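Undergrad:
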Amino acid sequence: MADADDRFFPEGSMLFQYEGTFLFDNVTADLPRGQVIAHGVAIFDRDFNQLTTQTLAIVGGTDDYEGARGQVSQSDPDGTIRTLTIRLSPP
-15 MADADDRFFP EGSMLFQYEG TFLFDNVTAD LPRGQVIAHG VAIFDRDFNQ
35 LTTQTLAIVG GTDDYEGARG QVSQSDPDGT IRTLTIRLSP P
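For reference, each letter of the sequence shown is one residue, going -15 to 75 in our numbering.
1) To the nearest angstrom, report how far apart Q55 and F6 are at their CA atoms.
2) May I have the straight-line CA-CA distance separating G51 from V25, to the nearest angstrom?
3) Can you say whether A22 is buried or exposed, counting buried as having 16 or more other CB atoms within 10 angstroms of its CB?
4) Using a Cβ-Cβ distance under 9 Å, would I70 count as near chain B?
5) Please classify Y49 as buried or exposed, where buried requires at least 16 other C-beta atoms within 10 Å of its C-beta.
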């Protein structure tokens, strides 16, 4: 938990290491099957409300996404619907 004199994070905020695996198996878009793996950090307040848009680095994947690179951004502006934006870099 960040202290009052922390120069990087708001007082009382919590920083977590995050790893996500996004499985493209049953989606409405026409995407190849496979998984994308992402790593990064998430910052929350004391009530576990997300303080910033979470952006994760894509560090790999499976099947058609093997060796994938790029980033995943997650936002939840109104607290009810989580939106993922996945940007894959060209090979």
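We treat Cβ as the ideally placed atom computed from N, Cα and C, and that holds for glycine. As the structure is a prediction and not an experimental result, all values here were calculated from the model.
TA: In brief:
1) 12 Å
2) 21 Å
3) buried
4) Judged by its chain identifiers, the structure shown contains no chain B, having just a single protein chain.
5) buried
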